[in-house]
Amino acid sequence: MKILKAEVQKLLASSYTRAIGLTAFGVGVVLSVFDGINMLAQPERALDPELVANFYTDTVFLAWLFPAILGILLMTSEFRWGTAIHTFLQTPKRGMVVLWKMLAAVLGGALIALASLAGAFITATVILTIVGDYALPEPGRLIGGTVAMIIIGMIGAPLGVAVGALIRAQLAALAVFLGWMLLVEQAAAVALGPAGIYLPGAMIPRALSLEWTATSLSGIFTEPITPISAMIFLAIEAVLLGVIASYTTLRKDIE
Numbered sequence: 041m042k043i044l045k046a047e048v049q050k051l052l053a054s055s056y057t058r059a060i061g062l063t064a065f066g067v068g069v070v071l072s073v074f075d076g077i078n079m080l081a082q083p084e085r086a087l088d089p090e091l092v093a094n095f096y097t098d099t100v101f102l103a104w105l106f107p108a109i110l111g112i113l114l115m116t117s118e119f120r121w122g123t124a125i126h127t128f129l130q131t132p133k134r135g136m137v138v139l140w141k142m143l144a145a146v147l148g149g150a151l152i153a154l155a156s157l158a159g160a161f162i163t164a165t166v167i168l169t170i171v172g173d174y175a176l177p178e179p180g181r182l183i184g185g186t187v188a189m190i191i192i193g194m195i196g197a198p199l200g201v202a203v204g205a206l207i208r209a210q211l212a213a214l215a216v217f218l219g220w221m222l223l224v225e226q227a228a229a230v231a232l233g234p235a236g237i238y239l240p241g242a243m244i245p246r247a248l249s250l251e252w253t254a255t256s257l258s259g260i261f262t263e264p265i266t267p268i269s270a271m272i273f274l275a276i277e278a279v280l281l282g283v284i285a286s287y288t289t290l291r292k293d294i295e
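Below you can see the structure in the form of structure tokens.
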């Protein structure tokens, strides 16, 4: 537990956490402003509860990147600045250090997700106030989108830590992660056919489509891939990457 406490302290003190949090907040504002242009141009859209809910939550379809980026930066900075030598000498089992760092990153991911949602929610509320006449957001979608973004943030940051442990060079880790998620995986999903739905890039949009309704929540028992099961698969993939890193790159000398 001492290692976990130390990792949480490093997370909260890191300039990366503040920078990514502010960036996520700003992106939430900017994306909501772009969506708000349509809302201002067509005020009747504000009378549809589902459209209003989407207005609040649509920013999550880009904001999920930031928790993962934070995780990568937190892990690779250990190698970049040489602090990994001290960090990994705390225990003879380096994999345990990665585990504690991934657990600490859960908090960081939640904070980044909340920052992004705060930017989106504040901006959306201001724009709807300007519109004047608007419906309350459909609660199932609003709650579902909010909960999904927070959970994806809590999974995405540990996933980033695992990627950073696997690829020690900071810029290389960021380039590989972003290139894979935004470009390569689309082609890989096509090549893999039905199995392509289990890739992280396919799972994330599915997870973010969560609706807080009895029908949606009970679907986990009747459908092969639901938002909730997608979250579970993503968490498993993050753990597997961490295990792979523990038995490969982390076994090499740390300089």
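Just so you know, we're using the numbering used here here: the sequence shown kicks off at 41 and counts up by one.
Heads up, the beta-carbon is just placed ideally off N, CA and C, and yes, glycines get one too.
Classify residue 95 as buried or exposed, calling it buried when 16 or more other Cβ atoms lie within 10 Å of its own Cβ. Translated into the one-based positions of the sequence shown, residue 95 becomes position 55. When all chains shown are included, residue 95 counts as buried.
Measuring alpha carbon to alpha carbon, tell me which of 166, 170, 198 ends up nearest residue 150. The sequence position of residue 150 within the sequence shown is 110, counting from 1. Answer by Cα proximity: 198.
Assign residue 77 to one of two classes, buried (16 or more other C-beta atoms within 10 Å of its C-beta) or exposed (fewer than that). Taking the sequence shown and counting its residues from 1, one reaches residue 77 at position 37. Exposed.
For residue 169, count the other beta carbons within 10 Å of its own beta carbon; 16 or more makes it buried, fewer makes it exposed. Which is it? Looking up residue 169 in the sequence shown gives position 129. Looking at its Cβ environment, which holds fewer than 16 other Cβ atoms inside 10 Å, residue 169 is exposed.
Judging by CA-CA distance, which residue of 289, 252, 248 is the nearest neighbour of residue 274? As a position in the sequence shown, residue 274 is number 234, starting the count at 1. Here the closest residue by C-alpha is 248.
Verify whether the separation of the beta carbon atoms of residue 156 and residue 92 is less than 9 Å. To locate residue 156, count along the sequence shown from 1; it is residue 116. To locate residue 92, count along the sequence shown from 1; it is residue 52. No, Cβ-Cβ distance for residue 156 and residue 92 is not below 9 Å.
Whole angstroms is fine: what's the gap from residue 98's alpha carbon to residue 54's? Residue mapping note: residue 98 aligns to position 58 of the sequence shown, counting from 1. Residue mapping note: residue 54 aligns to position 14 of the sequence shown, counting from 1. The straight-line gap from Cα to Cα measures roughly 29 Å.
Helix or strand or just coil, what does DSSP make of residue 104? Your numbering for residue 104 matches position 64 in the sequence shown. If DSSP states are grouped into helix, strand and coil, residue 104 belongs with coil.
If contacts are defined as beta-carbon pairs under 8 Å, then residue 201 and residue 145 qualify, I think. What distance do you get, rounded to the angstrom? Locating residue 201 in the sequence shown gives position 161, counting from the first residue. Locating residue 145 in the sequence shown gives position 105, counting from the first residue. So it is a contact: roughly 5 Å between Cβ atoms.
Report the rounded CA-to-CA distance for residue 56 versus residue 141, giving the unit in angstroms. What you label residue 56 is simply residue 16 of the sequence shown in a count that begins at 1. What you label residue 141 is simply residue 101 of the sequence shown in a count that begins at 1. Computed Cα separation, rounded: 15 Å.
Expressed to the nearest angstrom, what Euclidean distance is found between the alpha-carbon atoms of residue 240 and residue 282? On the sequence shown, residue 240 is found 200 positions in, with the first residue counted as 1. On the sequence shown, residue 282 is found 242 positions in, with the first residue counted as 1. Going by the C-alpha atoms only, they are around 15 Å apart.
Check residue 120 in the structure and name its three-state DSSP category. On the sequence shown, position 80 is the one that residue 120 refers to. Helix, per DSSP.
Would you mind stating whether residue 297 and residue 238 have Cβ atoms separated by less than 9 Å? As shown, the chain starts at 41 and ends at 295. That puts residue 297 outside it, with no answer to give.
Going by beta carbon distance, what residues of the same chain come within less than 6 Å of residue 129, once the five residues before and after it are set aside? Here residue 129 corresponds to residue number 89 of the sequence shown, with the count starting at 1. Note that residue 129 has pLDDT 48, beneath the 50 cutoff, so the model's placement of it is unreliable and the number below is only indicative. Correct list: empty, nothing qualifies.
Nearest to residue 185 by CA position, among 209, 160, 117, is which residue? The count along the sequence shown starts at 1 and reaches residue 185 at position 145. Of the candidates 209, 160, 117, the one whose C-alpha sits nearest the C-alpha of residue 185 is 160.
Can you round the beta-carbon distance between residue 112 and residue 176 to whole angstroms, since I take them to be within the 8 Å contact cut? As a working mapping, residue 112 is identified with position 72 in the sequence shown. As a working mapping, residue 176 is identified with position 136 in the sequence shown. Actually they do not touch by this definition, with Cβ atoms about 38 Å apart.
Using a Cβ-Cβ cut-off of 8 Å (strictly less than) and excluding sequence neighbours within five positions of residue 89, which residues of its own chain qualify? As a working note, residue 89 is residue 49 in the sequence shown. 175, 176, 177, 178, listed in sequence order.
Ordered along the chain, which non-local residues of its own chain (more than five positions away) have a Cβ less than 7 Å from that of residue 183? Residue mapping note: residue 183 aligns to position 143 of the sequence shown, counting from 1. 252, listed in sequence order.
Give the DSSP-derived three-state secondary structure of residue 90 in the structure shown. Stepping through the sequence shown from its first residue, residue 90 is reached at position 50. Helix, per DSSP.
If I measure Cβ to Cβ from residue 171 and keep anything under 8 Å in the same chain, skipping five residues before and after, which residues do I get? By 1-based counting over the sequence shown, the position of residue 171 is 131. So the qualifying residues of the chain are 79, 80, 83, 86.
Closest by C-alpha distance to residue 117, when choosing among 205, 228, 190, 73: Sequence index remark: in the sequence shown, residue 117 carries index 77 (1-based). Per the Cα distances, 205.
Tell me the rounded alpha-carbon separation between residue 242 and residue 233. Residue 242 sits at position 202 when you count from the first residue of the sequence shown. Residue 233 sits at position 193 when you count from the first residue of the sequence shown. Those two C-alpha atoms are separated by around 12 Å.
Is it the case that the Cβ atoms of residue 285 and residue 138 are separated by a distance below 9 Å? The residue given as residue 285 occupies position 245 in the sequence shown. The residue given as residue 138 occupies position 98 in the sequence shown. Yes; because the gap between Cβ atoms is below 9 Å, this pair is in contact.
Take the Cβ of residue 245 as the centre, count every other Cβ of all protein chains shown within 10 Å, and call the residue buried at 16 or more, exposed below. Against the sequence shown, residue 245 aligns to sequence position 205. Flag for residue 245 reads exposed.
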